[in-house]
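Residue numbers (this note's numbering): -11 to 291.
Cβ coordinates follow ideal geometry from the N, Cα and C atoms, glycine included.
One structure is given below, encoded as C-alpha cells.
Here is the structure:
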C-alpha cells in the first residue's frame, strides 16, 4: 500500500484551510510535516471557529510545541513561502478531475465505493483469492428436456434444487459445470437475511467473487419470485451472472425481471430456512453455514 498526500484546501468553505496547509509545509521544511499535520487534526475542534488572526497565534503555539525554529516558521507564513506549493497542488488536482480527499486507488484504478472496514477487507480478500478460475463454462451439452437435480449437502443438512435447463439453458449449463467441477464445495452462505434470501456460490465469501467469467441474463417472464425456494442467479447489474446464487425465503415480487431464475428447491426447504443469519454489510458476522458438497443427478439424494 502506498499513501500519497496531496493538499486540497477547500478555501471557499474553510477560511483557514490555506493557512493550515502552509503551516504544514513550513513545519515540513524543519522535518516536522506529519507532526504538524497530526496536531492540526487532533486540535481541529479547538481552532475551527477561530478567526484567521487567532489561528495564526495558535499555529505559532503549535510550532513551539513541536520545538520548531519559531522565527523561520513565522517568516515562512508571513512571506507566503509555501503558498505556491499548495496552490499548485490544488490546481493540478482540479485539472486531473480529482473530486477531493481522501481518494482511494486499488490496483491503479480509482475506487469510489463504500469504504467501511468490511468492504475494504472484502476487496482485499477478493483480490488475493488464488483459487480456481475459468475463462468460460463447459460446452453446452444439457438436454433441455432432461431432469437435473442439484443435491446440496450443507452444515445444516441437505436440500435439493430442480434446475430449469429449458428456461435458462446457459445459466443452468454453467451451474451444472461449476457443481461438477467442485467449485461450490466448501463455500459459505455468505449472506443470509431472514424473510429475504440465502445467498452463496462465492468461494471468497465476500460477495465479490465468481468463477472468472460472466453470462448474460436469461429472464423468463413466466418465472416469478412467487414464494420460498426460488433459486436465482445473483448479479451486479445486467448480464453479470457468475457463480453466486440465492434462494428466496418468501415471495419477493420486487426481484421479478431483474434476476434470472434457474430452479427451485424441491426438497429440504426447512434446511435452507435454518441457515445462520449473516450479512457483513450490516455488521452481522456470525460464522457462516457452508456448502459441504454439491452434486448433479436426475434424482434428489438429500438425506
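- Following the DSSP letters along the chain, one finds residue 106 inside the alpha helix (DSSP H) bounded by residues 105 to 115.
- Excluding residues up to 5 positions away in sequence, 35 lie with their Cβ nearer than 6 Å to the Cβ of residue 46 in the same chain.
- Collapsing the DSSP output to three states places residue 187 in a strand.
- In this structure the stretch 95 to 103 does not touch the stretch 8 to 15; the number of beta carbon pairs closer than 8 Å is below three.
- The C-alpha of residue 18 is placed about 38 Å away from the C-alpha of residue 107.
- With a cutoff of 9 Å on beta-carbon distance, residue 276 and residue 237 are scored as not near each other.
- Excluding sequence positions up to five before and after residue 52, its CB lies within less than 8 Å of the CB of 58, all in the same chain and listed in chain order.
- In the DSSP assignment, residue 256 falls outside any beta strand (DSSP E), carrying neither H nor E.
- If you draw a straight line from the Cα of residue 285 to the Cα of residue 233, it comes to about 19 Å.
- Along the stretch -8 to 50, the alpha helix (DSSP H) occurs as fully enclosed runs of 4 or more residues at 5 to 16, 21 to 30 and 32 to 35, listed in sequence order.
- Here DSSP, grouped into helix, strand and coil, assigns residue 171 to coil.
- Under DSSP, the beta-bridge partners assigned to residue 149 are 138 and 253.
- The residue among 200, 147 and 89 with its C-alpha nearest the C-alpha of residue 126 is 200.
- CA-CA distance, residue 248 to residue 23, rounds to 55 Å.
- Cβ neighbours of residue 198 within its own chain (closer than 6 Å, five residues either side excluded): 230 and 231.
- Residue 177 sits in coil when the DSSP states are folded into three classes, being neither helix nor strand.
- Under the 8 Å Cβ criterion, the stretch 212 to 227 does not count as touching the stretch 109 to 119, having fewer than three qualifying pairs.
- Assignment of residue 280 by DSSP, reduced to helix, strand and coil, places it in the strand class.
- Boundaries of the beta strand (DSSP E) harbouring residue 218: 218 to 221, taken from the DSSP string.
- Each of 264, 205 and 8 was checked against the Cα of residue 73, and the nearest Cα belongs to 8.
- Note on geometry: alpha-carbon atoms of residue 202 and residue 227 lie some 7 Å from one another.
- Around the C-beta of residue 84, fewer than 16 other C-beta atoms lie within 10 Å, and the residue is accordingly described as exposed.
- The way I'd put it, the stretch 254 to 273 doesn't touch the stretch 151 to 163; fewer than three beta-carbon pairs between them come closer than 8 Å.
- Here the alpha carbons of residue 188 and residue 266 stand approximately 11 Å from one another.
- Between the alpha carbons of residue 64 and residue 10 lies a gap of roughly 8 Å.
- Residue 278 and residue 208 have their C-alpha atoms spaced approximately 29 Å apart.
- Here the alpha carbon of residue 55 sits roughly 32 Å from the alpha carbon of residue 79.
- With respect to the 9 Å criterion, residue 262 and residue 173 are not classified as neighbours on the basis of their beta carbons.
- The straight-line gap separating the alpha-carbon atoms of residue 179 and residue 222 is approximately 11 Å.
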